[in-house]
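Colleague: Numbering (our numbering), first residue to last: 993 to 1629.
Note that the Cβ used here is the ideal one computed from N, Cα and C, for glycine as well.
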Ligand code: ADP
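Dropping the structure here:
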């Protein structure tokens, strides 16, 4: 039998496993048991579909056996097994394509991260063994096969004997080294402990023949002189078939019997994450529909979250059997980052995907779950704002998108989940309700400003002016923010007001009157400027709405400057232009200078261009023609 090479990515992963300094080598057992359990799930499900009778769950088991003399640890299941093709495809290639897209700075994958992040599954066997044999026979086939590998230089497959379907994974355990103990994986107590720790909930029995010794029961003897010897008991070896796991899935256990650590461990083992989730949601509902659900809100988006490969949904079980790995119907799109399990006895086992969409029970469950997720997020928001901020950093955009995409239809449901940094607190984000609560007497609207970063927003003349007058401003730094605010329109009866809008004015009536007069008096100058800039701005005017900055651009109409940046950065983004007004600070020295230019048309025109470009720079927009600008400035100097 000729040796075959592993696919390139598998080879890298294998190398990593073999040479791993990973401290949690023990997880190999959980990975192999989990594969065994999946294989049984598949067969159990298929037999139910095939209507094989006389079948019960008790027929299935995972068996572990230790043979110290040959240094082997064997994990066997009577699940679905693998055909020759499947052996080749499943064990010769890593399933998780893209695992290696995540490289550290040196360009080579960081093993700890990869192991943690992708739960490398079967290959983890090579962390503890120098020879792995897989003997397997597919359900419905007569011929069994054996896959053998000693590591990265390849594997062979040959025909083998096996009485019934299922898979045996036979690990030849490595020799101990100076600083690594592998021998422990041949200890029945150690294995028992690992099963309890990582695989207790597995819904099939994990059995092992336990070798113990017990005192030999002796016939009572009357013989004289034997008494002294009788005190030293004799032991005999006995074998006892033990079930190592409790088989209760974690979501069926009582909350009071579980610690945060239990929940987090389960999450990391099952949902391909290597950091603790932000929170877990464990709920049991008895009523019209009955179900258990265990859900998690991850701290960070999964590696494929932003790709088209990402599949959202919760695993769906009925009576302990998984009927769907990702049931999308259970989660609204705006909570698509939630992962977990729903187990309901009310669902039919052979329900098809099409039927599922119309299933009334399922819709009721989905509705309840949505409410539950929302209320849990709200309580996290109330009780641990920093943690909530972490969550919102990761998934806030999804919630905003939920508001935007429904044209605001979901805003009442989702607005309470929004948080923003504000001028009051740049570190800890505030909810809209908290902002409204703090609004000043006489302030009717919610003031916000947009920009790429908080610093950028703080540098806006409008922000400076609003803060100088004692108002609080929401800082919106995500491109989607302004679009969201537009579809929301208001919150708690208060309109949203962009402080960069040309009609936003915090001036007093007196100031407004003063500016109106100034504009009237300088009309001829301003109209020359306006004519000169007519392709760029809708208006040029004096304003009393600025504090120390000489000029700024304000927005007129639906498209703001920030939206212009966003829309034009999109792949299909056309030539979107914000409609802007050039505002000149009426109480700045530059205003007096302009007024003194009466009659000097050329100068007025130069000033128009210079001020317009200054305003663009202040708003974070590029100068349109740097050459022209520098010429104009030099001329003036
Ligand atoms: P994963 O389990 O995440 O898909 P693995 O590397 O652990 O990745 O396993 C790869 C594939 O090999 C599995 O998807 C499954 O199809 C197959 N496999 C592994 N172990 C078994 C087993 N005990 N019985 C049947 N198939 C198995």
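Excluding the 5 residues flanking residue 1072 on each side, which residues of the same chain have their C-beta closer than 6 Å to its C-beta?
Modeller: Looking up residue 1072 in the chain shown gives position 80. So the qualifying residues of the chain are 1031, 1034, 1035, 1131.
Colleague: Quick check on the DSSP output: what are the complete beta strand (DSSP E) runs of length 3 or more inside the region 1109 to 1188, in order along the chain?
Modeller: 1121 to 1129, 1136 to 1141, 1147 to 1152, 1158 to 1165
Colleague: Please report the straight-line C-alpha distance between residue 1421 and residue 1473, rounded to a whole angstrom.
Modeller: For the purposes of this step, residue 1421 is taken as residue 429 along the chain shown, with counting starting at 1. For the purposes of this step, residue 1473 is taken as residue 481 along the chain shown, with counting starting at 1. Near 14 Å, if we compare the C-alpha coordinates of residue 1473 and residue 1421.
Colleague: Under DSSP, the alpha helix (DSSP H) around residue 1262 begins and ends at which residues?
Modeller: Stepping through the chain shown from its first residue, residue 1262 is reached at position 270. It spans 1252 to 1262 - the alpha helix (DSSP H) in which residue 1262 sits, taken as one unbroken run.
Colleague: On the three-state DSSP scale, how would you describe residue 1547?
Modeller: Your numbering for residue 1547 matches position 555 in the chain shown. The three-state secondary structure of residue 1547, taken from DSSP, is strand.
Colleague: Any heavy atom of ligand 1 closer than 6 Å to the Cβ of residue 1082?
Modeller: One-based indexing of the chain shown puts residue 1082 at position 90. Taking the Cβ of residue 1082 as the reference point, at least one heavy atom of ligand 1 falls within a distance shorter than 6 Å.
Colleague: Tell me the start and end of each unbroken beta strand (DSSP E) in the region 1428 to 1508 that is at least 3 residues and wholly inside, in chain order.
Modeller: 1438 to 1442, 1466 to 1468, 1486 to 1490
Colleague: For ligand 1, is there a heavy atom less than 6 Å away from the beta-carbon of residue 1027?
Modeller: As a first step, residue 1027 must be located in the chain shown, where it is residue number 35. True, at least one ligand heavy atom lies under 6 Å from that Cβ.
Colleague: Nearest CA to the CA of residue 1330: which residue from 1006, 1466, 1297, 1313?
Modeller: Position 338 of the chain shown, counting from 1, holds the residue named residue 1330. The shortest C-alpha separation from residue 1330 is found at 1297.
Colleague: So, at 7 Å on beta carbons, what are the nonlocal neighbours of residue 1178 in its own chain, with the 5 sequence-adjacent residues on each side left out?
Modeller: Position 186 of the chain shown, counted from the first residue, corresponds to residue 1178. Here residue 1178 has 1058, 1060, 1063, 1065, 1165 as same chain residues with Cβ atoms under 7 Å from its own Cβ, once five neighbours each way along the sequence are excluded.
Colleague: Kindly indicate which three-state DSSP category residue 1534 falls into: helix, strand or coil?
Modeller: As a first step, residue 1534 is located in the chain shown; it is residue number 542 there, counting from the start. Residue 1534 falls in the strand class under three-state DSSP.
Colleague: Which partner residues does residue 1319 have in the DSSP bridge list?
Modeller: For this step, residue 1319 is matched to residue 327 along the chain shown. The partner list for residue 1319 (beta bridge, DSSP) reads 1306.
Colleague: Say yes only if the C-beta of residue 1425 is nearer than 6 Å to one or more non-hydrogen atoms of ligand 1, and no if none qualify.
Modeller: On the chain shown, position 433 is the one that residue 1425 refers to. No - ligand 1 has no heavy atom lying nearer than 6 Å to the Cβ of residue 1425.
Colleague: Look at the alpha carbon of residue 1172 and the alpha carbon of residue 1352, and state the distance between them as a whole number of angstroms.
Modeller: Residue numbering aside, residue 1172 sits at position 180 when the chain shown is read from its first letter. Residue numbering aside, residue 1352 sits at position 360 when the chain shown is read from its first letter. Computed Cα separation, rounded: 55 Å.
Colleague: Taking the alpha-carbon positions, what's the residue 1162 to residue 1138 distance?
Modeller: For the purposes of this step, residue 1162 is taken as the residue at position 170 of the chain shown. For the purposes of this step, residue 1138 is taken as the residue at position 146 of the chain shown. Looking at the two C-alpha atoms, the distance is approximately 10 Å.
Colleague: Please confirm whether any heavy atom of ligand 1 lies closer than 6 Å to the CB of residue 1159.
Modeller: Locating residue 1159 in the chain shown gives position 167, where the first residue counts as 1. Because some heavy atom of ligand 1 lies under 6 Å away, the Cβ of residue 1159 counts as near it: yes.
Colleague: Locate the alpha helix (DSSP H) running through residue 1599, then write down its first and last residues.
Modeller: Here the question's residue 1599 lines up with position 607 in the chain shown. It spans 1593 to 1610 - the alpha helix (DSSP H) in which residue 1599 sits, taken as one unbroken run.
Colleague: Find the nearest neighbour of residue 1039 within the set 1469, 1292, 1084, 1313, judged by alpha-carbon distance.
Modeller: Within the chain shown, numbered from 1, the residue matching residue 1039 stands at position 47. The shortest Cα separation from residue 1039 among 1469, 1292, 1084, 1313 belongs to 1313.
Colleague: Nearest-angstrom Cα distance between residue 1075 and residue 1125?
Modeller: For the purposes of this step, residue 1075 is taken as the residue at position 83 of the chain shown. For the purposes of this step, residue 1125 is taken as the residue at position 133 of the chain shown. Each residue's Cα considered, the two are about 15 Å apart.
Colleague: Please state if the CB of residue 1511 and the CB of residue 1483 are separated by a distance shorter than 7 Å.
Modeller: Taking the first residue of the chain shown as position 1, residue 1483 is located at position 491. Taking the first residue of the chain shown as position 1, residue 1511 is located at position 519. Cβ atoms of residue 1483 and residue 1511: not closer than 7 Å.
Colleague: Looking at residue 1148 and residue 995, is the spacing between their C-beta atoms short of 7 Å?
Modeller: In the chain shown, residue 995 corresponds to position 3, counting from 1. In the chain shown, residue 1148 corresponds to position 156, counting from 1. Contact flag set, yes.
Colleague: Just tell me which of 1160, 1362, 1337, 1310 has its CA closest to the CA of residue 1322.
Modeller: In the chain shown, residue 1322 corresponds to position 330, counting from 1. The candidate whose alpha carbon is nearest that of residue 1322 is 1362.
Colleague: Short of 8 Å in beta carbon distance, which residues of its chain neighbour residue 1498, apart from the five on each side in sequence? Order them along the chain.
Modeller: Your numbering for residue 1498 matches position 506 in the chain shown. Cβ within range, chain order: 1457, 1458, 1461, 1463, 1537.
Colleague: By Cβ distance below 8 Å, which residues in the same chain neighbour residue 1455 in space, the five residues on each side in sequence not counted?
Modeller: To locate residue 1455, count along the chain shown from 1; it is residue 463. Cβ within range, chain order: 1415, 1441, 1449, 1465, 1491.
Colleague: Once you ignore the five residues that flank residue 1453 on each side, which residues in its own chain have a CB closer than 7 Å to its CB?
Modeller: For the purposes of this step, residue 1453 is taken as the residue at position 461 of the chain shown. Only 1538, 1541, 1544, 1610 meet the Cβ criterion.
Colleague: Run the CB neighbour count on residue 1135, radius 10 Å, all protein chains shown included, and call it buried at 16 or more, exposed below.
Modeller: Taking the chain shown and counting its residues from 1, one reaches residue 1135 at position 143. When all chains shown are included, residue 1135 counts as exposed.
Colleague: From residue 1211 to residue 1225, what does the alpha carbon distance come to, in whole angstroms?
Modeller: As a first step, residue 1211 must be located in the chain shown, where it is residue number 219. As a first step, residue 1225 must be located in the chain shown, where it is residue number 233. Straight-line spacing of the CA atoms in residue 1211 and residue 1225 works out to 13 Å.
Colleague: One question on the structure: do residue 1559 and residue 1604 come within less than 7 Å of each other, judged by their Cβ atoms?
Modeller: Start at 1 with the first residue of the chain shown, and residue 1559 comes out as number 567. Start at 1 with the first residue of the chain shown, and residue 1604 comes out as number 612. Contact: no.
Colleague: Which term fits residue 1550, buried or exposed, when burial requires 16 or more other beta carbons within 10 angstroms of its beta carbon?
Modeller: Sequence index remark: in the chain shown, residue 1550 carries index 558 (1-based). Residue 1550 is exposed by the Cβ-count criterion.
Colleague: When you compare only the Cα positions, how much space is there between residue 1002 and residue 1264?
Modeller: The count along the chain shown starts at 1 and reaches residue 1002 at position 10. The count along the chain shown starts at 1 and reaches residue 1264 at position 272. In a straight line, the C-alpha of residue 1002 is about 18 Å away from that of residue 1264.
Colleague: If you measure from the CB of residue 1031, is any heavy atom of ligand 1 nearer than 6 Å?
Modeller: For the purposes of this step, residue 1031 is identified with residue 39 of the chain shown, where counting begins at 1. Yes, since a heavy atom of ligand 1 falls inside the 6 Å radius drawn around the Cβ of residue 1031.
Colleague: Who are the Cβ neighbours of residue 1317 in its own chain at under 6 Å, not counting the five residues just before and after it?
Modeller: Within the chain shown, the letter at position 325 stands for residue 1317. These residues qualify, in order along the chain: 1307.
Colleague: Are residue 1521 and residue 1532 close, meaning C-beta to C-beta below 7 Å?
Modeller: Walking along the chain shown from the start, residue 1521 turns up at place 529. Walking along the chain shown from the start, residue 1532 turns up at place 540. For residue 1521 and residue 1532, yes; Cβs fall inside 7 Å.
Colleague: According to the neighbour-count rule (16 or more other Cβ atoms, all chains shown, within 10 Å of its Cβ), is residue 1157 buried or exposed?
Modeller: Indexing the chain shown from 1 puts residue 1157 at position 165. So residue 1157 counts as buried.
Colleague: On the criterion of 16 or more Cβ atoms from any shown chain inside 10 Å, does residue 1016 qualify as buried, or is it exposed?
Modeller: Your numbering for residue 1016 matches position 24 in the chain shown. Residue 1016 comes out exposed.
Colleague: Under DSSP, the alpha helix (DSSP H) around residue 1020 begins and ends at which residues?
Modeller: Within the chain shown, the letter at position 28 stands for residue 1020. Residues 1019 to 1041.
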